[in-house]
Each structure stands twice: as structure tokens, then as C-alpha cells.
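So in full-length UniProt numbering, spot 350 of the sequence shown is number 607, and the numbers just go up one at a time.
Glycine is no exception: its CB is placed at the ideal position from the N, C-alpha and C atoms.
Here the structure is a predicted model, which means the values were calculated and not measured.
What follows is a single structure, written as C-alpha cells, with notes after it.
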Amino acid sequence: SAAEKGGWDSFMDKEIHEDPAAVQRTLLGRFDKNGDVALDEVRIDEHDFKVIDKIIVIACGTAAYAGMVAKYAIEHWVRIPVEVELAHEFRYRDPILTPRTLVVAISQSGETMDTLMALRHAREQGSKVLAICNTQGASIPRESDAVLYTHAGPEVAVASTKAFVAQITAAYLLGLYLAQVKGAMFRDEIRHILDSLKDMPRKIQWVLDTQTKTIHKAAERMLNAQSFLFLGRHVGYPVALEGALKLKEIAYTFTEGFAAGELKHGPIALVDEGEPVVFIVPPERGRDVLHAKVLSGIEEVKARGAFIIAVAEKGDKDVERYADVVFWRPACPTLMSPLVDVVPLQLFAMDMAKLKGYDVDKPRNLAKSVTVE
Ligand code: G6P
Numbered sequence: 258s259a260a261e262k263g264g265w266d267s268f269m270d271k272e273i274h275e276d277p278a279a280v281q282r283t284l285l286g287r288f289d290k291n292g293d294v295a296l297d298e299v300r301i302d303e304h305d306f307k308v309i310d311k312i313i314v315i316a317c318g319t320a321a322y323a324g325m326v327a328k329y330a331i332e333h334w335v336r337i338p339v340e341v342e343l344a345h346e347f348r349y350r351d352p353i354l355t356p357r358t359l360v361v362a363i364s365q366s367g368e369t370m371d372t373l374m375a376l377r378h379a380r381e382q383g384s385k386v387l388a389i390c391n392t393q394g395a396s397i398p399r400e401s402d403a404v405l406y407t408h409a410g411p412e413v414a415v416a417s418t419k420a421f422v423a424q425i426t427a428a429y430l431l432g433l434y435l436a437q438v439k440g441a442m443f444r445d446e447i448r449h450i451l452d453s454l455k456d457m458p459r460k461i462q463w464v465l466d467t468q469t470k471t472i473h474k475a476a477e478r479m480l481n482a483q484s485f486l487f488l489g490r491h492v493g494y495p496v497a498l499e500g501a502l503k504l505k506e507i508a509y510t511f512t513e514g515f516a517a518g519e520l521k522h523g524p525i526a527l528v529d530e531g532e533p534v535v536f537i538v539p540p541e542r543g544r545d546v547l548h549a550k551v552l553s554g555i556e557e558v559k560a561r562g563a564f565i566i567a568v569a570e571k572g573d574k575d576v577e578r579y580a581d582v583v584f585w586r587p588a589c590p591t592l593m594s595p596l597v598d599v600v601p602l603q604l605f606a607m608d609m610a611k612l613k614g615y616d617v618d619k620p621r622n623l624a625k626s627v628t629v630e
């Protein structure tokens, strides 16, 4: 009903606008009085955490892309390898699991059968499983050793939106907790990162407040596009994959996401006059090497006549010069950028789907949670 949608004309619309709150609520109550990360509800011994020497994230769909984002952050912070594997691939390849492996099962619904079967397999092999889940008491958290709930609130639209930013937030909290327990970082370093994380709801809100018109206009302009490419590097790579997934899920447009560095190894062959290419451009400061590399990718496809849509930092003059349309993000550290960058892509997919007259909440052939293998 309209009341359930809180005044929005679709659940997807409502839920995208809940992105800031989803991050905020997931951070709530996760700190002790000293400001350290305190995951009280995670009942895994501190000792068991200390000896963890590898993380394997298992998930499907959007949750798997949240896991890919977390890999960049956790490896950087904790200095242990993080693998991300689609749950349905994981079980059947005899993965290397030890009691020192922490398996992190990410699932919005907590009922995805592929993920449930994968976590059962991990526990049988003696690994600890921690669930990152949005649904209280669902099968996946019930069968895990520990759970870290994302408090995004119920997600109704089939295409996942606010759960994605909440999953990244929860995985980041886990990573920072591990860094704390393992002494992998100085406390003030961790504190510094937490401060920027706590700042993200405000930055996401800025995107919702200022970018929707540009996004809507871009969707109108691209309505007849037959296909899209989404490209990004580093954490922008999983964001590109997620942006591509949103567009194919609800607007039924043929869309592929690639690592921007792969462009010259294949995808550039797809680019000709007018082909829409979406670039996730990393912040200018800090990681200038990556910024320059993504920029040269933009130049290359531009030279072949592509129509460039960029997600980039406010004030990025280089991007302004080449891109046909820019969705701006407020300045933030690279590792935080996925939390904002996915938002215009969610809105863009929704606008495209609505303009085409599709039901954005219930896309054809898809289910909210897939409870069969
Ligand atoms: C389905 C949904 C996706 C979701 C995926 C994983 O395919 O349509 O939106 O990302 O399942 O669901 P989960 O509940 O495990 O996060």
C-alpha cells in the first residue's frame, strides 16, 4: 500500500532513500565508551579472532559485491588474505578451510539456499562462520557461529539497495574490529577510519539531495540505449559490477561491469559511436595513480565516440572535461567511496526502469530470496 511505501511510489524509491539511515543504524551501538569497536553480540572468543589467518566471504548477487568491496578494506587494514566467492561455486571446489579460517556469509534475507549450503560445508570442515544478515532469526544467522546484523530495516523491493550499503558498513566494522583485536593498526588510525565511516550517512544524503535531477535527466537521455558498460578500479570495480547488476535486474538492459584495467584486454572492442560507458572515478587525492589510470580509460573510450557517464568527486576538473554526464560525490577516502557511489547507480537503474514502464519492485523472473539451490 501507499502507506507502507512511506509516500514514495515504489519500495525501491523508499529504500534507496533509506541508504543513509541503513549505514547509520548499522553503526549504532557498535562502540564501547572508549570509542573502540565492540561487537558484543558476536559470540566468538577474542582468542579465536586473534588466530584467524584468512577470511572467505561467501554470498550471492549484491551481497557478493559488498563482500568484494570489503576485501579491499580488510586486506589493507588487517593484512590477512580475504577471498570472496560466490556461494554456489564455493562448496563444489574443495576449498581450503581450517579452524583459523573465518567464513563470512553475507545475506540480506538470511535464506539464500546456496549461501546456507556453503556455510554448512564450512562448518563441517571446522571453520568458524560469521553471518552478516539483515533478517533477525533467519536460517543463515541461526546456523552460523556468530552474527552481525545489518540494521537496514526490512527490504521489500527485489533489487537490493539499502542492504548493500549496510553490508559494507557491517563488514568494515568487522574488519576494524579484527584490526583492533590483532593489533594490526594503531588505535588512532582505527579511530580516524571510524570517523570517516560515521560521516558517510551525511555524504550519501548529499547525493540524494543534490544529484537526483541530473540522474533522472541522464536516464531520459539514455532510454533507447541497447547496452551499457560499467567500469571501475579498486573498490570502484565491485561498484561497477553492482551498478551493472541493478540496470540489468530492473531495466532489462544488457549491461556488463568490468575492471577498468581490462578495457584494453577486450571490452574496448565493444565501444563504438554512442555506446554508453559508466566510469567510477576514484578520488583525486591519495590514490592519484588510480585516478590517472581511470582517466586515461575515459580518454580512450571517448576517442572512440562513447557516451561517458562518470561518478566522480565534486570539483574533479579532468572528469568534467571528458564526461558527458557526471554524478558527483562529496570528497571522501577511497575506501569509503563505494557507500556513496552506488547510490546514483541505484537511482539511475530505477529511473530507467520506471521510464520504460516496468515494475521496479517486482522485476520479471527474479525472486527476493532464492531458497532453492
Ligand atoms: C536474489 C536477489 C538479489 C540478492 C541475492 C542474494 O538474487 O534478487 O537482490 O542480492 O538474491 O540474496 P541475499 O538475501 O542472500 O542477500
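Taking the DSSP output, what are the residues bridged to residue i?
| i | result |
| --- | --- |
| P533 | F564 |
| A362 | I315, A388 |
| F288 | V294 |
According to DSSP, is residue i helix, strand or coil?
| i | result |
| --- | --- |
| L354 | coil |
| E340 | strand |
| V294 | strand |
| D310 | coil |
| E261 | coil |
| I273 | helix |
| P283 | According to the sequence as given, residue 283 is Thr; it is not Pro. Here T283 sits in helix by DSSP. |
| V629 | coil |
| I301 | coil |
| E332 | helix |
| L623 | coil |
| E368 | coil |
| A327 | helix |
| A379 | helix |
| A321 | helix |
| A395 | coil |
Our contact map puts residue i next to residue j with C-beta atoms below 8 Å; I'd like the distance itself, whole angstroms only.
| i | j | result |
| --- | --- | --- |
| V583 | E577 | 6 Å |
| I472 | P601 | 5 Å |
| residue 655 | A362 | Residue 655 is absent from the model: the chain starts at 258 and stops at 630. |
| M269 | D618 | 6 Å |
| I566 | V535 | 5 Å |
| I389 | L405 | 5 Å |
| L431 | E400 | Their Cβ separation, rounded to whole angstroms, is 18 Å, which puts L431 and E400 out of contact at 8 Å. |
| P499 | F421 | Position check: residue 499 holds Glu in this sequence, whereas Pro was assumed. The Cβ separation is near 7 Å, so the contact holds. |
| M479 | P533 | 6 Å |
| A610 | I507 | 4 Å |
| M607 | I353 | So it is not a contact: roughly 40 Å between Cβ atoms. |
| K503 | Q603 | 6 Å |
| M370 | V627 | 7 Å |
| V280 | P411 | Between P411 and V280 the Cβ distance is about 16 Å, and since that is not below 8 Å, they are no contact. |
| E557 | I537 | Rounded, the Cβ-Cβ distance is 16 Å, inconsistent with contact. |
| A501 | F487 | 4 Å |
| P587 | V326 | At roughly 18 Å, the Cβ-Cβ gap does not stay under 8 Å, so P587 and V326 are not in contact. |
| F313 | E342 | Looking at the sequence itself, residue 313 is Ile, so the reference to Phe does not match. About 6 Å; that satisfies the 8 Å criterion. |
| S484 | F511 | 4 Å |
Consider the C-beta atom of residue i and the heavy atoms of ligand 2; say whether any pair is separated by less than 7 Å.
| i | result |
| --- | --- |
| Q365 | Absent from the structure shown: ligand 2. Ligands present: ligand 1. |
* **Any beta strand (DSSP E) of 3 or more consecutive residues that is wholly inside the stretch 397-471** => 403-406
* Complete alpha helix (DSSP H) runs within the UniProt domain "SIS" (475-620) (minimum length 4 residues, chain order) -> 493-508, 545-560, 574-579, 594-612
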